[in-house]
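Engineer:
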Amino acid sequence: MNTYTRILLLVCFLPLSHFTSANLYHLEDANNFSKMIKNSWEVSQEAVQTKYLDVGSAGVKIFTPGRIVDAKNMSRKVNENRAAYEKALNICLPVASEFEDEAVDMLERVGKFMGQPELAPVYVLFGANNSGGTASPDGLALGLEVLCQFADTKEQFKEVLMAFVAHEVVHVYQNRLLNFEKPPTVLEQALLEGFPDFVANMMLGEVPESERKRHDYGLANEAQLWRDFSAVMESKEYDAWFYSGDFNGRPGDVGYWIGKRIAEAYYHQAENKEQAISDLLHLKSAEHILKASAYQEGFAKAK
3 MNTYTRILLL
13 VCFLPLSHFT
23 SANLYHLEDA
33 NNFSKMIKNS
43 WEVSQEAVQT
53 KYLDVGSAGV
63 KIFTPGRIVD
73 AKNMSRKVNE
83 NRAAYEKALN
93 ICLPVASEFE
103 DEAVDMLERV
113 GKFMGQPELA
123 PVYVLFGANN
133 SGGTASPDGL
143 ALGLEVLCQF
153 ADTKEQFKEV
163 LMAFVAHEVV
173 HVYQNRLLNF
183 EKPPTVLEQA
193 LLEGFPDFVA
203 NMMLGEVPES
213 ERKRHDYGLA
223 NEAQLWRDFS
233 AVMESKEYDA
243 WFYSGDFNGR
253 PGDVGYWIGK
263 RIAEAYYHQA
273 ENKEQAISDL
283 LHLKSAEHIL
293 KASAYQEGFA
303 KAK
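Residue numbers (this note's numbering): 3 to 305.
1) I need the straight-line Cα distance from S46 to N25, nearest angstrom please.
2) With DSSP collapsed to three states, give me the class of L144.
3) Closest to L221 by C-alpha separation, out of L142, S138, R263, G247, would be which residue?
4) Curious, which full-length alpha helix (DSSP H) runs of at least 4 residues does the stretch 92-172 contain?
5) For the stretch 150-169 against the stretch 90-108, do three or more pairs of beta-carbon atoms, one drawn from each stretch, fall closer than 8 angstroms, so that the two count as touching?
6) Helix, strand or coil for Y297 per DSSP?
7) Assuming contact is defined by CB atoms lying nearer than 8 angstroms, are D199 and E190 in contact in what I supplied?
8) Do you know whose CA, among A130, H284, S232, lies nearest Y54's CA?
9) Are G141 and A122 touching if we call contact CB-CB under 8 angstroms?
10) Confirm, please, whether the CB-CB distance from M164 to A105 is below 8 angstroms.
11) Check the C-beta distance from E44 over to N83 and give it rounded, since I have them as a contact under 8 angstroms.
12) Beta-carbon separation of G257 and G247 under 8 angstroms?
13) Could you pull the DSSP bridge partners for H2 from this structure?
14) For S138 and V201, I'd like the C-alpha separation in whole angstroms.
15) Would DSSP call F182 helix, strand or coil?
16) Per DSSP, what kind of secondary structure is F35 in: helix, strand or coil?
17) Pick helix, strand or coil for F244, following the three-state DSSP scheme.
18) Starting from S280, follow the alpha helix (DSSP H) in both directions and report where the run begins and ends.
Shown next, in the form of structure tokens:
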């Protein structure tokens, strides 16, 4: 039994009596969108405004700035990308509805594992075909037409959905606590993204397919990655590590993977696991977490 599986079993059997699943998982926006385009794929600006945005949940409000933008932008995107929306309606919305109980269970287990007194809600909705989701202190909004691009079958989308929920909901809790006065360093950003991956791997009991490419590459090239990362970790030079796709022969987002490895090492070194999770969430000192993790010591000895 591997480490992820042991911790997954532990979390599954922790009491959840003080949590409530009510109002944690919202499909009303996605259903409103489905009704809006039921009779016509040529969607008007007025229809988007009155039948979708005006009656939208808190999730629509989270997803509007910088994503939906406004009714004019969304109606244009829907009409230009019909295939993406049709696929999401026919394949992925039914899956999102069918696996509601599993998604709520994931939210509860992540919340319990992280010691959160107030669980974060998830809003499944449709956007302007430019974002798979975003986290705010008020919850997590998922753009179904974008997430659905990463799956062709029901089982594939179930994995995409659960992995995305498990990772992104950690960002909700981060957003409730963290307020950087200046842009994070590469090390801080690695922990901001790697810690959610660590939590998601714990809750899923495995590395999801969406992470597999960088995970396999990281394991095969860890010493070199650490040397390159440690040389820039105090800088703000993100390009080689985050949000840029494949870079100089490396998979995209390998900074997530380095951050996950540091978070994992810190957690396993800690005698008090609850405090370790709190430390990783609050991220008061990325340098302390790195040092206490002893992650870098193996590479220092190998020089």
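Every residue, glycine too, gets a C-beta built ideally from N, C-alpha and C.
Bear in mind that the values here come from a model prediction, so they are computed numbers and not experimental data.
Structural biologist: The short version:
1) Answer to the nearest angstrom: the Cα atoms are 30 angstroms apart.
2) Looking at L144 - three-state DSSP - the assignment turns out to be strand.
3) When only C-alpha atoms are compared, the closest one is R263.
4) Given a length threshold of 4 residues, each whole run of the alpha helix (DSSP H) inside the stretch 92-172 is given here in chain order: 95-100, 102-115, 146-149.
5) A contact exists between the stretch 150-169 and the stretch 90-108.
6) Looking at Y297 - three-state DSSP - the assignment turns out to be coil, as it is neither helix nor strand.
7) No; because the gap between Cβ atoms is not below 8 angstroms, this pair is not in contact.
8) Just measuring C-alpha positions, the residue of A130, H284, S232 sitting nearest Y54 is A130.
9) Closer than 8 angstroms, so yes.
10) Yes, Cβ-Cβ distance for A105 and M164 is below 8 angstroms.
11) Taking C-beta atoms under 8 angstroms as the contact rule, E44 and N83 fail to qualify, at a distance of about 13 angstroms.
12) Not a contact, by the Cβ cut-off of 8 angstroms.
13) Outside the shown range of the chain (3 to 305) lies residue 2, about which nothing can therefore be said.
14) Spanning the two alpha carbons is a distance of roughly 18 angstroms.
15) DSSP places F182 in coil when its eight states are reduced to three.
16) Helix.
17) In this structure, F244 counts as coil in the three-state DSSP scheme.
18) 275-284 is the extent of the alpha helix (DSSP H) around S280.
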